[in-house]
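Chains A and B, in that order, give the protein sequences. Here the numbering used here is used: position 156 in the first sequence is 156, and no number is missing along the way. To convert, take the position in the second sequence, counting from 1, and add 1000; that gives the numbering used here. All C-beta atoms in this analysis are idealised placements derived from N, C-alpha and C, irrespective of residue type, glycine included. Please read these numbers as outputs of a predicted model, since none were measured by experiment. Written below as structure tokens is the structure these notes are about.
Protein chains: 2
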Amino acid sequence: MVPSETLFPLVTVDVALFTVIDDSLRVLLVQRALEPERRRWALPGGMLKPALDGSLEAAARRVLQRKVSVDVAHLEEVCTFSGADRDPRGWSIAVLFCALLQKDQVNALVRDKVEALEWADATNPGHRMAFDHALQLQTALARLRARVAAKALPLHMLPERFTLTQLQRTCEAILGHPLDKSAFRRRLKDSPDLVELDEFVRGAQRPAQLYRAGDGFSFSG
Amino acid sequence: MVPSETLFPLVTVDVALFTVIDDSLRVLLVQRALEPERRRWALPGGMLKPALDGSLEAAARRVLQRKVSVDVAHLEEVCTFSGADRDPRGWSIAVLFCALLQKDQVNALVRDKVEALEWADATNPGHRMAFDHALQLQTALARLRARVAAKALPLHMLPERFTLTQLQRTCEAILGHPLDKSAFRRRLKDSPDLVELDEFVRGAQRPAQLYRAGDGFSFSG
DNA sequence: AGAATAGTGTCTGTCAGACAGTATCGC
DNA sequence: GCGATACTGTCTGACAGACACTATTCT
């Protein structure tokens, strides 16, 4: 215990990194290699380093870069968690971020040498989690769902070109319940966030039109 | 400059404390008594003190208690502001809170011995503000407006017993535009957040029914 | 032809804005 | 009665859920 603890809190950033795999919403968990809470599963996170980071959001990007070598398309602050008891090392602040990963980057994650990675079911991760990360995950999930329920489109989770059915499946996976196809498409018909392309996906059935994100698109802006 | 600055950021809490005076939305500003930014107007705020504060929200309550001796009914985290340049003392984090003040407590504010207080127009405070507080105010105001636009009732700004017209005027002051009376009341007709009382306000016209907040009421919950 | 998926049309209920109307007070 | 404010009724258009329908491909 260093004396500065009573003057300065520990400041960490944690990231709930979401993606959709097989129509199920997943969140990235890492198994901690160091004490405290060694071997427990946790959201990827790390200490703020003022000498390296331009802001808390930059710190979150650095953590993701270091742990999984990934640049996420969307990163958004959710809220903070603070107090003397949430981390045994002392009075601490965790700033929670919510991030969306492009589907085609899921396999680009680099497995850190010491930590195990897992894409856990976001609604039921199946591990007892470190610190207050179970609460953090619940909070980030609620924020993500609220945004999608409020008609934000999770385009940052999809490949650059995608079909409306893919988009609908992604929204359904996030929300956890099915959506009506007709209503879903009607809502998107005149959205400036979607641009109709002149390309189609061919499969074992009727071809589906491809779309891309509109130019000024932002998930929450 | 102490060397710990490169390891630990300064952590402060700032509070945008809103109320409605004369049908206009106001925010509490204080004039700084100390450097840096001495004599500039700012949102009330202060350093986090881990030895005193149970959490960042508790720190915000302590700051309000110390600066204006007031216990606010609603206090909600908005987001953080961070970086090396926002405060000349070094790399810093400000955690912004949004608070609502009961109308009948407006005059209960204690003027701190060194700082001047002012209830400034929230949309146009009329001062050049310290640090990034102009941006903070704008952000807190946007959050408040978004909540009220999403049908949250700012009952924490009203006295314990109030009329529907008072409530509507308060919402209008927050949003900055008039609301339709019929639609407003229709929406509240079956709300569990409002309880009809058996009392009326008598004036120079038809008496108005009084209401109080429902038992489990929370501005954003 | 039939399976499978893409995409559309229509009915209906809910809800909000607009606005006119009625009710009840003081003077 | 008149002014003022409280409160209500009704019309209408926007929109979302439900669900049946058509369209186009592959096998």
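Assuming residue i is part of the beta strand (DSSP E), what are its boundary residues?
{"i": "B/F1081", "result": "H1074 to G1083"}
{"i": "B/Q1031", "result": "S1024 to Q1031"}
{"i": "B/E1037", "result": "B/E1037 -> no beta strand (DSSP E), and no H or E assigned at all."}
{"i": "A/V195", "result": "L194 to V201"}
{"i": "B/R1212", "result": "A1208 to A1213"}
{"i": "A/E118", "result": "L117 to D121"}
{"i": "A/A16", "result": "L10 to I21"}
{"i": "B/V1110", "result": "Note, B/V1110: premise wrong, no beta strand (DSSP E); not H, not E."}
{"i": "A/Q96", "result": "First, the residue type needs correcting, since residue 96 of chain A is Leu and not Gln in the sequence shown. Its beta strand (DSSP E) spans residues S92 to L100."}
{"i": "B/G1045", "result": "G1045 to M1047"}
Once you ignore the five residues that flank residue i on each side, which residues in its own chain have a CB closer than 6 Å to its CB?
{"i": "A/H156", "result": "A73, H74, L100 and F219"}
{"i": "B/A1213", "result": "L1155"}
{"i": "B/L1188", "result": "L1194"}
{"i": "A/F184", "result": "Q168"}
Terminal residues of the continuous alpha helix (DSSP H) containing residue i?
{"i": "B/R1187", "result": "K1181 to L1188"}
{"i": "A/R169", "result": "L164 to L175"}
{"i": "A/V68", "result": "L56 to V68"}
{"i": "A/A149", "result": "H133 to A149"}
How big is the Cα-Cα spacing for residue i and residue j?
{"i": "B/E1115", "j": "B/G1045", "result": "12 Å"}
{"i": "A/L48", "j": "B/R1032", "result": "29 Å"}
{"i": "A/V2", "j": "A/G216", "result": "Caution is warranted here: a pLDDT of 46 is assigned to A/V2, below 50, making its placement in the model unreliable, and no coordinate value can be reported."}
{"i": "A/D104", "j": "A/L43", "result": "21 Å"}
{"i": "B/S1004", "j": "B/K1067", "result": "Below a pLDDT of 50, predicted positions are generally treated as unreliable, and B/S1004, at 48, falls in that range; the measurement from the model is reported next regardless. Going by the C-alpha atoms only, they are around 28 Å apart."}
{"i": "A/M129", "j": "A/V63", "result": "19 Å"}
{"i": "A/R143", "j": "B/R1147", "result": "14 Å"}
{"i": "B/V1195", "j": "B/G1203", "result": "22 Å"}
{"i": "A/A58", "j": "B/L1153", "result": "36 Å"}
{"i": "A/I174", "j": "A/S191", "result": "20 Å"}
{"i": "A/G221", "j": "B/Q1138", "result": "15 Å"}
{"i": "A/P9", "j": "B/P1009", "result": "9 Å"}
{"i": "B/L1029", "j": "B/Q1102", "result": "17 Å"}
{"i": "B/R1186", "j": "B/L1179", "result": "12 Å"}
{"i": "A/P50", "j": "A/Q65", "result": "17 Å"}
{"i": "A/T80", "j": "A/K181", "result": "37 Å"}
Rank the options by C-alpha distance to the C-alpha of residue i and give the top, closest one.
{"i": "B/F1162", "options": "B/G1176, B/L1117, B/S1069 and B/V1201", "result": "B/V1201"}
{"i": "A/W119", "options": "A/L10, A/A59 and A/F18", "result": "A/F18"}
{"i": "A/L7", "options": "A/V63, A/G90 and A/L52", "result": "A/G90"}
{"i": "B/A1149", "options": "B/L1010, B/E1172, B/P1192 and B/V1063", "result": "B/E1172"}
{"i": "A/D87", "options": "A/W41, A/E160, A/F131 and A/A146", "result": "A/F131"}
{"i": "B/G1126", "options": "B/V1195, B/G1054, B/D1014 and B/R1026", "result": "B/R1026"}
{"i": "B/W1041", "options": "B/R1061, B/H1133 and B/A1152", "result": "B/H1133"}
{"i": "B/D1023", "options": "B/Q1065, B/L1056 and B/R1169", "result": "B/R1169"}
{"i": "A/A60", "options": "A/Q102, A/V11 and A/S92", "result": "A/V11"}
{"i": "A/L56", "options": "B/L1117, B/S1082 and B/V1063", "result": "B/S1082"}
{"i": "A/D14", "options": "A/L135, A/G54 and A/D121", "result": "A/L135"}
{"i": "A/L52", "options": "B/A1084, B/P1207 and B/L1210", "result": "B/A1084"}
{"i": "A/T92", "options": "B/A1208, B/G1054, B/L1028 and B/E1160", "result": "Per the sequence shown, residue 92 of chain A should be read as Ser rather than Thr. Ranking the options by Cα distance to A/S92, first place goes to B/G1054."}
{"i": "A/E199", "options": "A/R206, A/V30 and A/L210", "result": "A/L210"}
{"i": "A/L197", "options": "A/R206, A/L179, A/D180 and A/L164", "result": "A/L164"}
{"i": "B/R1039", "options": "B/P1050, B/L1117 and B/T1080", "result": "B/L1117"}
Using a Cβ-Cβ distance cut-off of 7 Å, determine whether residue i contacts chain B.
{"i": "A/E35", "result": "no"}
{"i": "A/P50", "result": "yes"}
{"i": "A/T12", "result": "no"}
{"i": "A/G83", "result": "yes"}
{"i": "A/W91", "result": "yes"}
{"i": "A/L56", "result": "yes"}
{"i": "A/V2", "result": "The pLDDT assigned to A/V2 is 46, lower than 50, so where the model puts this residue is not dependable; a value taken from the coordinates is nonetheless given after this. With 7 Å as the cut-off, A/V2 does not count as an interface residue toward chain B."}
Hey, is residue i's beta-carbon within less than 7 Å of any beta-carbon in chain A?
{"i": "B/F1008", "result": "yes"}
{"i": "B/E1199", "result": "no"}
{"i": "B/C1098", "result": "no"}
{"i": "B/C1079", "result": "yes"}
{"i": "B/L1175", "result": "no"}
{"i": "B/L1043", "result": "no"}
To which residues of the same chain is residue i closer than 7 Å at the C-beta, ignoring the five residues directly before and after it?
{"i": "A/A140", "result": "A16, V78, L96 and C98"}
{"i": "B/A1108", "result": "V1070"}
{"i": "A/I21", "result": "V106 and W119"}
{"i": "A/Q166", "result": "L158"}
{"i": "A/E160", "result": "R212"}
Quick one: is the Cβ of residue i within less than 6 Å of any heavy atom of the ligand COA?
{"i": "A/R89", "result": "Among the ligands in the structure shown, none appear at all, so the ligand COA cannot be discussed."}
Under 8 Å Cβ to Cβ from residue i, same chain only, skipping five residues before and after it: list those, please.
{"i": "B/V1123", "result": "One point to set straight first is that residue 1123 of chain B is Thr, not Val, in the sequence displayed. Closer than 8 Å at Cβ, skipping near neighbours: L1025, L1141 and G1176."}
{"i": "B/A1208", "result": "T1163, L1164, T1165, F1200 and V1201"}
{"i": "B/K1151", "result": "R1187"}
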